[in-house]
Amino acid sequence: MTADCRLVLPTEIIYICYVLNYLMMKQTITVNIKGISSFAADAELRSVTDRAISSLRMLCDGTGRGSEFTGWLRLPDQAVNETAAVKACAARLRTLAPVTVVVGIGGSYLGARALTEALNDPFAPKEHTLLFAGHTLSEDYHAALLRYLDGTDYNIVVISKSGTTTEPAIAFRILRDHLRNKMGVAAMKSHIVAVTDARRGALHDLAVSEGYETFVIPDDVGGRYSVLTPVGLLPLALAGYDIDAFARGMLDMALSVREGNDTPANIAVTYAAARNTLYSIGYSTEILISYEPSLVFLAEWWKQLYGESEGKESKGIFPASVTFTTDLHSMGQYIQQGERKLFETVIHVADSRNKLVVPGATDNSDGIGFIAGKRMTEVNHKAEAGTRLAHIGGGVPVILVGMERIDEYNLGQLMYFFELACAISGYILGVNPFDQPGVESYKKNMFALLGKPGFEAERERLEKQLQGRG
Ligand code: PA5
172 MTADCRLVLP TEIIYICYVL NYLMMKQTIT VNIKGISSFA ADAELRSVTD RAISSLRMLC
232 DGTGRGSEFT GWLRLPDQAV NETAAVKACA ARLRTLAPVT VVVGIGGSYL GARALTEALN
292 DPFAPKEHTL LFAGHTLSED YHAALLRYLD GTDYNIVVIS KSGTTTEPAI AFRILRDHLR
352 NKMGVAAMKS HIVAVTDARR GALHDLAVSE GYETFVIPDD VGGRYSVLTP VGLLPLALAG
412 YDIDAFARGM LDMALSVREG NDTPANIAVT YAAARNTLYS IGYSTEILIS YEPSLVFLAE
472 WWKQLYGESE GKESKGIFPA SVTFTTDLHS MGQYIQQGER KLFETVIHVA DSRNKLVVPG
532 ATDNSDGIGF IAGKRMTEVN HKAEAGTRLA HIGGGVPVIL VGMERIDEYN LGQLMYFFEL
592 ACAISGYILG VNPFDQPGVE SYKKNMFALL GKPGFEAERE RLEKQLQGRG
């Protein structure tokens with residue numbers, strides 16, 4: 172198939188290519204963009220698809236902006252052979268204590284949280300409990316955590332690529348003091364693992380001087396693309412999940428959507444092109460929707476990935492998220508009838524892990540007798556299909572991302588797909604998807620207001636502003 176040929180392909184042929192591609196690859200994620208067809212013109216979609224394909228090529232041959240941070244593209248090829256050290260560390264920590272506190276924020280937190288929440292059985296007793304800290308400056312949160320930790324042995328996995336991020340640095344100080352008081356310096360050191368830069372940063376230096384076990388975040392992998400490094404893998408292994416299956420899922424998706432598949436049938440291209448076509452005609456907010464509460468943090472991870480990668484230079488789709496059907500009883504009204512600038516990306520999970528049937532009732536006083544005997548997943552799927560049609564009818568374009576089930580392998584596929592599509596989207600938009608210069612502004616102000624040496628003049632200016640005098 173030549174590049175010229177692709178330009179004139181009608182949408183139906185693209186769908187057929189896509190189905191053939193799906194059958195040939197070990198790809199379990201699907202993308203269906205029929206729900207945007209009444210909103211976006213074919214010609215516009217084809218032209219953005221062409222830009223998505225050249226963006227994919229730029230990404231793979233390292234000629235795009237920020238190419239020094241594209242090491243994540245090829246992480247899956249090595250990771251399958253590199254999980255042994257992570258598993259050994261997790262096994263060691265699990266013998267030391269029943270609880271591990273994972274300290275980190277942003278890309279050093281959300282991937283692990285997304286995975287462990289997605290796979291978690293919320294009501295089952297845990298073999299090993301994972302808790303999170305350093306993702307907030309809340310005193311109450313950390314005080315409550317310490318009260319809980321007073322009553323248990325625990326480990327700390329502290330994750331920070333720069334090693335200087337304020338929130339995890341504060342939490343780590345507090346937790347390290349707590350652990351030291353609990354068990355003494357020598358024992359404490361064996362309970363702490365640091366995941367950080369190979370050579371520099373305050374955390375790196377502390378880990379070396381204190382002799383903590385360490386794992387490296389590669390130089391060419393930015394935080395929000397780091398889930399397939401020890402940043403995501405160590406917490407996942409600690410919680411008892413299959414990191415090899417996760418890595419295999421990432422690899423199978425990488426082989427399916429990375430280089431060699433620069434066609435409109437590539438689902439990362441399809442998704443990136445669809446969302447950017449919608450953006451170009453005024454749909455500036457994308458809502459990621461799932462019908463599974465276990466995916467709430469996957470949506471948080473997705474929002475960070477897309478928000479930090481695309482939102483710059485006064486451009487970018489605003490990433491939002493809701494969980495249905497819960498939020499149909501809150502945000503559903505706005506989505507159906509509010510301002511028409513929204514589009515949706517719906518994660519459809521084909522199969523649930525459990526089977527639960529709606530029981531019959533002799534009196535049928537609740538009026539739902541017609542649902543009796545059906546599985547809850549069937550009801551959930553009908554709610555999903557009905558909502559999709561209602562929203563399309565109400566003026567909201569819908570992209571459908573399908574996954575077979577929520578497990579390590581499928582989450583690996585899904586996350587790599589979203590990462591690749593995000594980088595392609597950034598290039599379509601013309602921004603560097605691998606930096607986050609805007610994050611510095613709040614930090615500078617916070618440091619100045621807290622009295623950091625060297626920020627005196629800035630502090631004075633900000634104080635005046637706060638008092639309404641600036
Ligand atoms: O994606 C990113 O690069 C950021 O969200 C970082 O992960 C986040 O700011 C935390 O940085 P660090 O790992 O240096 O503490």
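Heads up: the sequence shown runs through residues 172 to 641, numbered per our numbering. Cβ coordinates follow ideal geometry from the N, Cα and C atoms, glycine included.
With a threshold of 16 other beta carbon atoms within 10 Å, ASN432 meets it and is buried.
The Cβ atoms of ILE458 and GLU515 sit closer than 8 angstroms to each other. Distance between SER492 and GLU555, taken at the CA atoms: about 15 angstroms. Nearest to PHE303 by alpha-carbon distance, out of SER333, VAL270, GLY322, SER380, is VAL270. By the criterion of a C-beta distance shorter than 6 angstroms, SER333 is surrounded in its chain by GLY372, once the five residues flanking it on both sides are discounted.
Taking 7 angstroms as the cut-off, one finds at least one heavy atom of the ligand PA5 near enough to the beta carbon of VAL610. ASP311 sits exposed, since fewer than 16 C-beta atoms from the chains shown fall within 10 Å of its C-beta. A direct Cα-to-Cα measurement between GLN249 and HIS349 gives close to 37 angstroms. Boundaries of the alpha helix (DSSP H) harbouring GLU631: 627-637, taken from the DSSP string. Under the 10 Å beta carbon count, SER485 is surrounded by fewer than 16 other beta carbons and is classified as exposed. Comparing alpha carbon positions, the residue from THR400, ALA255, LYS614, SER225 closest to ARG245 is THR400. Annotation for ILE599: VAL219, ARG222, ALA223, SER226, ALA443, ASN447 place their beta carbon closer than 7 angstroms to its own, counting only its chain and skipping 5 residues before and after.
Between LEU286 and GLY394, the C-beta gap is not smaller than 8 angstroms, which leaves the two residues out of contact. For ARG318, the shortest separation between its Cβ and any heavy atom of the ligand PA5 does not lie below 7 angstroms. Bounds of the alpha helix (DSSP H) holding GLY420 are 414-428. Boundaries of the alpha helix (DSSP H) harbouring SER380: 373-381, taken from the DSSP string. Selection HIS562, VAL520, ILE330, THR300 evaluated against LEU513 yields HIS562 as nearest (Cα-Cα). The count of Cβ pairs closer than 8 angstroms, one atom from the segment 565-573 and one from the segment 203-218, reaches three, so the stretches are in contact. Less than 8 angstroms divides the Cβ of MET424 from the Cβ of GLY583. Under DSSP, GLY622 takes part in no beta bridge, so it has no partner.
In terms of Cβ geometry, ALA410 and HIS299 form a close pair [threshold 8 angstroms]. Among the bridge pairs identified by DSSP, ASN352 is matched with none. Between the ligand PA5 and ILE276, a heavy atom-to-CB distance of less than 7 angstroms is present. Cβ-Cβ separation between VAL257 and ALA408: approximately 5 angstroms, consistent with a contact (criterion under 8 angstroms). The DSSP-derived three-state label of PHE489 is strand. Taking 3 residues as the minimum length, the beta strand (DSSP E) runs contained wholly in the segment 439-526 are 456-461, 489-494, 513-520, in order along the chain. Partner residues in the beta bridge of ILE570, as assigned by DSSP, are THR516.
By the neighbour-count criterion, in which 16 or more other beta carbons inside 10 Å mark a residue as buried, THR323 falls on the exposed side.
Setting aside the 5 residues that flank it on each side, ARG630 is surrounded in the same chain by ALA619, LEU620, GLY622, each with a C-beta closer than 8 angstroms to its C-beta; the list follows chain order.
Non-local C-beta neighbours of THR199 in its own chain, meaning closer than 6 angstroms and more than five positions away in sequence, comprise GLU575, ASN581, GLN584, ordered along the chain. By the Cβ-count criterion, GLU481 is buried, with 16 or more other Cβ atoms from all chains shown falling within 10 Å of its own Cβ. Within a 10 Å sphere around the beta-carbon of ASP578 sit 16 or more other beta-carbons, which makes this residue buried. With 16 or more neighbouring CB atoms inside 10 Å of its own CB, GLN607 falls in the buried class. For ARG546, same chain residues with a beta-carbon under 7 angstroms away, outside a window of 5 residues either side, are LYS526, LEU527, VAL528 in chain order. Nearest Cα to GLU430 within the set THR266, ILE207, LEU591, GLY625: LEU591.
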